[in-house]
Amino acid sequence: MRNFLFFFLFIFPISSFAELRIDITKGNMDPIPLAILNFNTKAIEADEISSNINTVISNNLERSGLFSILPKKLFFNETIPFEKKPVFSDWKITTAQGLFHGKLNLKNEQLVIEFRLWDVLSQKQMVAQKLVTEKGNWRRIAHVISDIIYKRITGESGYFDSRIVYISESGAKRDRKKRLAIIDQDGANHKFLTDGSYLALTPRFSPAAQEVAYLSYNNRVPRIFLLDLNTGSQKVLGDFPGMTFSPRYSPDGKKLVMSLARNGNTDIFEMNLDTFKIKRLTFYDGIDTAPSYSPDGDFITFESDRSGSQKIYIMNLKTKNVKRISFGKGKYATPVWSPRGDLIAFTKLLNGEFYIGVMYVDGKGERVVYKSYLVESPTWSPNGRIIAFYNQSKLSGGRISNPKIKMIDLTGINLRQLITPSDASDPAWSGLLP
Amino acid sequence: MTQGLIKSFFLHSLIIALFLYGAEIFKKNKRFEIYEIPLEVVDISDKTINKVDEPKKKKTKNKKEEMSFQPPKVKTKPTPPEFSVKEKKKKKVKKNNKEESKKEKKKQNRVSSILKSIEKIKSEKKINKEPEIEDDTKKEEKIDEEKEAKNINLGEKLTISEKDAIRRQFYRCWIVPAGAKNIKEYKVSIKLKLNKNGEVINSKLINKSNLDNPFFRTLAESAIRAVNHPDCKRLKVPVKKYETWKETILDFDPSVMIN
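These protein sequence lines map, in sequence, to chains A and B. Counting from 1, position 183 in the first sequence corresponds to residue 1223 in the numbering used here; the numbering is continuous, with no gaps. Counting from 1, position 37 in the second sequence corresponds to residue 38 in the numbering used here; the numbering is continuous, with no gaps.
Spelled out as structure tokens, the structure:
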């Protein structure tokens, strides 16, 4: 009997009753159309703030390249009562796939905002939140709301509530003035941090985004300065003869990794910010430079010429094992580890042209996201989705354009320029503001 | 022990024989199944006669009347002068510019068409009528219906071209979250229930286990939006094969596109 059952268990499943199954392997990469409605307000004073917040949110999402903000003339109504569900059939006609609306109140200089985000096609609420802040913080709250919308739809954390520190350049090429400046990622709230009396280079944000480290060649001696953004005070971390790049902070903010040239040899060192002790990490007779930590702090990536040409390597900080990850033609430089942990951005020089590229941390999937006459200094947005860099283009008559900061999505789409008061180079993107 | 071995040997060899021979013996139908291929048989007459298509209401009495048709005279193609090569390139550039301006006009036309349809709906909202569908989509639906009517029901399975038609429909509806982390590792399966017109009555996500992963959720939501998109709410399926497609599973796989 048992054998008989065994026999049928093996035989009968041979003829299966397959249901229709179709694989969908192709779609499009169009931006998701969103409808951003005006906030419901009670006071006239709140109308202006409401309109400003609405504009910042729309600009943020549009500029990300992932969303398309629909013009208000397509809407049946410009506001929806906050307590009511939208009539989705009306919104489907406008081609909107997402719908944002809310209400805004001013209470004793406090801004109270409640909002909802709807999925129009699935007819479901995606997000509903209430935020309270001071009236003067309206711009930051617009960035926070943009981050919430971005995260809910894309699954990735946002990057709108962040800043970029960079080197502002002005003056003639022979007498170039370079000073430290800071700006919001959308180009607002620009501010100079140094007066330009000494050369400032390669700024870096601390993980808490409250301090900026930068390299200065005051009296031809390279020194690291730490600038506190809240107080404006500066202190010298130390003299570092032979340093060409400003050090990078570890993800926990307790260490700095840097390259130092000693006795004709450039190697990578790590400094403990509590003890100020320096530990040597590489021992190669050549140039090892431009190190950058992985998001977990267990690895660094750096450029080295140990193979005969500039290539990118990664090192396990526990085992000190070094592995080469770039194998393409050309010279590779300034590798920067993505905050997402999956990619490394770099600069590449090949056949007289510069590229900004990305590759996976194992070296696979190398691809170019931008190329130009001169591009350098890639820096990642806090969510590892956007790369900022500075570039100079070749103009007619053999002239070269002034340096400008540009941003591009890691997929290579949506190139944008960061509008600065003057020429700009060496950008460094902060994390999300606390 | 030996009996058990003998029985085991007998059963294993029987199973192997059945696999070699095939499971055909269990099918009620013929042993060697013929896979039917859709085929339309058309009688070809000895003479080809040019006929003019007339509307069905009007019946022609004199079928013998033939429309005389004179082909246009072939004109000799003028040979361009030697220096016109650059001009042709300029013309090409001008054509490209014209095409770009046409695309921009198309975009503007799309927005204005949406506005017009909204105005129509606003005016009809008081009477609580359903919004009218644009003329273009009505024409397309008629053409599709005519095609379906002409299809001969030669088998229950969907043909490759019928499946491709459904895939092509989703090119426009599915916005792939291309830059999301590790997105090519995920696949989303959605089960659809369709009515006889091919309209989606119900859609359900099958593989829900990864929903706590934000990137998988993003992909799942993009697929659900695609299935609920107005352009994909009604699938282009052959009406006569309803039993085959009334329950369909769509597997959304972004890896091919991203690779």
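Don't be surprised by glycine CBs; every beta carbon is placed ideally from N, CA and C. Every value quoted in this text rests on a predicted model; they were computed, and no experiment measured them.
*What do you reckon, are the CB atoms on A/S1433 and A/Y1410 nearer than 8 Å?*
Result no, Cβ atoms of A/S1433 and A/Y1410 do not sit closer than 8 Å.
*How would you write the range of the beta strand (DSSP E) that A/A1428 sits in, first residue to last?*
From DSSP, the beta strand (DSSP E) with A/A1428 extends over 1426-1432.
*With respect to 7 Å, is the separation between the Cβ of B/F253 and the closest non-hydrogen atom of the ligand MN below this value?*
As presented, the structure is devoid of all ligands, the ligand MN included, so that no description of it is given.
*Thinking just about the alpha-carbon of each residue, which of A/I1354, A/Q1457, A/P1331 is nearest to the one in A/N1431?*
For the set A/I1354, A/Q1457, A/P1331, the Cα lying nearest the Cα of A/N1431 is the one of A/Q1457.
*asked:* Three or more C-beta pairs under 8 Å: does that hold for the region 1065-1081 of chain A against the region 1106-1119 of chain A?
replied: Three or more Cβ pairs closer than 8 Å define a contact, and the region 1065-1081 of chain A meets that threshold against the region 1106-1119 of chain A.
_Within 8 Å of any Cβ in chain A, is that where the Cβ of B/V257 sits?_
At least one beta carbon of chain A lies nearer than 8 Å to the beta carbon of B/V257.
*Quick one: what does DSSP say A/D1215 is sitting in, helix, strand or coil?*
Correct three-state label for A/D1215: helix.
*Looking only at its own chain, which residues have a Cβ that is under 6 Å from the Cβ of B/F10, when we skip the five neighbours before and after it?*
No residues qualify anywhere along the chain.
*Rank A/Q1165, A/L1171, A/V1167 by C-alpha distance to the C-alpha of A/E1154 and give the top, closest one.*
Out of A/Q1165, A/L1171, A/V1167, A/L1171 has the C-alpha closest to the C-alpha of A/E1154.
*Got a sec: is the Cβ-Cβ distance from B/Y243 to anything in chain A below 8 Å?*
So, not an interface residue.
*asked:* Whole angstroms are fine: how far does the CA of B/R168 sit from the CA of A/S1349?
replied: A/S1349 and B/R168 have their C-alpha atoms some 47 Å from each other.
*Under 9 Å Cβ-Cβ, which residues of chain A neighbour B/P231?*
Result: K1132, I1133, T1135, L1161.
_Neighbour list for B/K237 in chain A, Cβ cutoff strictly below 8 Å_ = Those within 8 Å of B/K237 in chain A number zero; the least Cβ separation is about 12 Å.
*asked:* Suppose you measure from the CA of B/R226 to the CA of A/A1385; what does that come to, to the nearest Å?
replied: One Cα belongs to B/R226, the other to A/A1385, and the distance between them is close to 33 Å.
_Whole-angstrom distance between A/S1208 and A/K1066, CA atom to CA atom_ = Roughly 44 Å separates the two Cα atoms.
_Excluding the 5 residues flanking B/K192 on each side, which residues of the same chain have their C-beta closer than 6 Å to its C-beta?_
Closer than 6 Å at Cβ, skipping near neighbours: K205, I207, I250.
*Determine, using beta carbons only, whether A/T1134 and A/L1157 come nearer to each other than 8 Å.*
Contact flag unset, no.
*Below 8 Å CB to CB, which residues in the same chain sit around A/I1181 once its five sequence neighbours on both sides are set aside?*
In chain order, I1093, L1151, I1153, L1171, T1173 place their CB closer than 8 Å to the CB of A/I1181, counting only its own chain and leaving out the 5 sequence neighbours on each side.
*Three-state secondary structure (DSSP) of A/T1359*: Correct three-state label for A/T1359: coil.
*Neighbour flag for A/F1116 against chain B, beta carbons, 8 Å*: Yes, its Cβ sits closer than 8 Å to a Cβ of chain B.
*Does the separation of the CB atoms of A/G1195 and B/F216 fall below 8 Å?*
Yes, they are a contact pair.
_Residue environment, A/S1273, which counts as buried when at least 16 other CB atoms sit within 10 Å_ = Label assigned to A/S1273: exposed.
*Give the DSSP bridge partners of B/D252, in chain order.*
Answer by DSSP bridge pairing, in chain order: A/D1063, B/S190.
*Grab me the residues of B/K182's own chain with a C-beta within less than 6 Å of its C-beta, minus the 5 sequence neighbours each way, in chain order.*
So the qualifying residues of the chain are F216.
*On the premise that A/K1143 lies in contact with A/N1078, defined as a C-beta separation below 8 Å, what is that separation, rounded to the nearest angstrom?*
About 10 Å; that fails the 8 Å criterion.
*Beta-carbon proximity of A/Y984 to A/L1269, cut-off 8 Å*: Past the edges of chain A, shown from 1041 to 1474, lies residue 984 of chain A, and the structure says nothing about it.
*Check the DSSP bridge columns for B/H230 and list the partner residues they point to.*
Assignment of beta-bridge partners to B/H230 by DSSP yields no partner.
_Backbone CA spacing between A/G1392 and A/R1407 [nearest angstrom]_ = Each residue's alpha carbon lies about 18 Å from the other.
*Do we get a CB-CB distance below 8 Å when we pair B/M68 with the residues of chain A?*
Residue placement at B/M68 is flagged as unreliable, the pLDDT there being 47, under the threshold of 50; the coordinate-derived value follows with that caveat. No, B/M68 lies away from the interface with chain A (no Cβ there is under 8 Å from its Cβ).
*From the DSSP output, in three-state form, read off A/P1418 for me.*
Secondary structure at A/P1418: strand, using DSSP grouped into helix, strand and coil.
*Rounded C-alpha distance that separates A/Y1289 from A/K1319*: Spanning the alpha carbons of A/Y1289 and A/K1319 requires a straight line of approximately 15 Å.
*For A/D1224, which of helix, strand or coil comes out of DSSP?*
Reduced to three states, the DSSP call for A/D1224 is strand.
_I'd like to know whether the C-beta of A/G1278 is nearer than 8 Å to at least one C-beta of chain B._
Not an interface residue.
_beta strand (DSSP E) runs contained entirely in the region 1367-1410 of chain A, provided each spans 3 or more residues_ = Those beta strand (DSSP E) runs which fall completely within the region 1367-1410 of chain A and span 3+ residues are 1371-1377, 1383-1390, 1393-1400.
_Separation of B/H13 from B/F20, as counted between CA atoms_ = Whole-angstrom Cα-Cα distance: 11 Å.
_Whole angstroms are fine: how far does the CA of B/K237 sit from the CA of B/Q170?_
About 8 Å.
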